[in-house]
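According to our numbering, the stretch in the sequence shown is residues 2 to 286, in order.
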Amino acid sequence: MTEDNCFVYACIQAGVDGETIDHMREVIRVRDFPQSKVQEISDATGIAFNVTIGYFNDSRHNEIKRYIPKECKTVRTIDLLLVEDHYMLNERLPMTTYFIRNYIEILKECGGMNIEKQMKIYTMRDDKYIVRMDRTTPLWDVMKTLWECKYFEPISYGELFTYTTDLYKQNLAPFKDLTYAPKYCVQLKKKAESKEVNKNKCKFIPEHVFFADFECSTDGFHKAFNICYDSEDGSVSESIWGQNCATEFLERLPDKSLIYFHNLSYDINFILRHMTEVKGTPIIK
2 MTEDNCFVYA CIQAGVDGET IDHMREVIRV RDFPQSKVQE ISDATGIAFN VTIGYFNDSR
62 HNEIKRYIPK ECKTVRTIDL LLVEDHYMLN ERLPMTTYFI RNYIEILKEC GGMNIEKQMK
122 IYTMRDDKYI VRMDRTTPLW DVMKTLWECK YFEPISYGEL FTYTTDLYKQ NLAPFKDLTY
182 APKYCVQLKK KAESKEVNKN KCKFIPEHVF FADFECSTDG FHKAFNICYD SEDGSVSESI
242 WGQNCATEFL ERLPDKSLIY FHNLSYDINF ILRHMTEVKG TPIIK
């Protein structure tokens with residue numbers, strides 16, 4: 002198993018130079034990454050990417066996304082295939098879909114034939130298999146045909162968890178050399194001239210810091226019935242119960258408090274409904 006993620010490995014197979022590959026590793030340090038990273042790499046390296054997104058489910062049609070350098074000239078184009086969040090070099094393979102669909106029969110009739118020649122069989126004429134050595138098939142067509150012929154075997158949840166665990170245990174390719182390519186370095190912007198400071202925009206300096214977490218019922222309308230909170234220095238560690246736990250929590254907080262919630266995007270809903278005025282961020286009492 003390669004130490005590089007699938008995108009970087011596909012670019013290696015496409016013959017991308019080592020310096021550019023190292024930059025890709027810096028940009029993509031994980032196995033799962035947003036597609037916006039592909040555009041970022043394209044802008045930095047001058048490589049255009051044509052990404053074909055394949056779907057085994059016939060209810061969706063394949064898509065092609067193109068990532069073209071926005072600020073520099075395109076130096077080359079790489080065709081990639083993205084299937085089930087996995088990137089592959091989208092190349093043509095030395096085989097035919099006819100061979101895949103008729104594999105068992107071909108193996109029986111042509112068992113003594115070289116396997117590479119068997120893979121080039123593309124039809125039958127006068128009860129004879131016809132071979133054309135120049136035949137190739139796009140990678141996606143090969144995968145889709147294998148899928149339709151049920152050559153992909155389903156895996157159990159246990160096998161999936163084992164595979165996922167192996168990925169977490171395996172480190173991605175380490176950096177063995179601290180030298181860097183100047184052309185990929187971030188350029189510092191010119192420092193802006195100082196302007197008169199607006200006192201209303203001064204950074205809030207908290208005098209008290211707390212960590213809090215709501216517990217709520219999820220039957221229908223979500224209602225908080227408990228909140229646990231601790232102070233940063235450990236001097237306060239309390240739990241408030243009841244349907245009024247949110248308002249009681251706000252009343253207990255000292256002025257100029259900063260609160261870190263376990264899940265702010267969710268927990269804040271139990272706080273905002275009791276606020277009459279909210280200004281900027283962070284939300285303070």
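Heads up, the beta-carbon is just placed ideally off N, CA and C, and yes, glycines get one too. The structure displayed is predicted, hence computed values, not measured ones.
May I ask you to check if the CB of Val-237 is nearer than 7 Å to at least one heavy atom of the ligand FMN? Absence of the ligand FMN from the depicted structure is noted, as is the absence of any ligand whatsoever, leaving it without description.
Residue environment, Ile-272, which counts as buried when at least 16 other CB atoms sit within 10 Å: buried
Does the count of Cβ pairs from the segment 39 to 49 and the segment 123 to 138 closer than 8 Å reach three? no
Taking Ser-240 and Cys-229 to be in contact with their CB atoms under 8 Å, please state how far apart those CB atoms are, rounded to whole angstroms. 5 Å
Checking 8 Å against the spacing of the C-beta atoms, do Leu-143 and Met-114 come in under that value? Strictly speaking, residue 143 in this sequence is Val, with Leu absent from that position. No, Cβ-Cβ distance for Val-143 and Met-114 is not below 8 Å.
Would you report the Cα separation of Ala-247 and Asp-86, rounded to the nearest angstrom? 42 Å
Can you tell me whether Lys-145 is buried or exposed? The criterion is at least 16 other CB atoms within 10 Å of its CB, across all chains shown. buried
With a cut-off of 8 Å, do at least 3 Cβ pairs link the segment 203 to 214 to the segment 255 to 272? yes
How would you write the range of the beta strand (DSSP E) that Phe-250 sits in, first residue to last? Taken as a continuous stretch (DSSP letters only), Phe-250 belongs to no beta strand (DSSP E), being part of the alpha helix (DSSP H) at 246 to 253.
What number of angstroms, rounded off, separates the C-alpha of Gln-36 from the C-alpha of Pro-139? 23 Å
Please classify Phe-271: does DSSP put it in a helix, a strand, or coil? helix
Contact check, Gly-243 vs Phe-226, beta carbons under 8 Å: yes
Do Leu-83 and Leu-90 have their C-beta atoms closer together than 8 Å? no
Can you list, in chain order, the residues of its chain with a C-beta nearer than 6 Å to that of Glu-1? Leave out the 5 residues immediately preceding and following it. No information on residue 1 is available, as it lies outside the stretch 2 to 286 that the chain covers here.
With a 10 Å radius around its C-beta and 16 neighbouring C-beta atoms as the bar for buried, classify Phe-205 as buried or exposed. exposed
Report yes if the C-beta distance between Ile-141 and Gly-55 is below 8 Å; otherwise report no. Checking the displayed sequence, the identity of residue 141 turns out to be Trp instead of Ile. Contact flag set, yes.
Check the C-beta distance from Val-52 over to Lys-38 and give it rounded, since I have them as a contact under 8 Å. About 12 Å separates the two Cβ atoms, so there is no contact after all.
For Ile-156, the three-state DSSP class (helix, strand or coil): coil
Reduced DSSP secondary structure (H/G/I, E/B, other) of His-24: helix
Identify whether Lys-286 lies in helix, strand or coil by the three-state DSSP scheme. In this prediction, Lys-286 scores a pLDDT of 42, lower than 50, which makes its location untrustworthy; no coordinate-derived value is stated.
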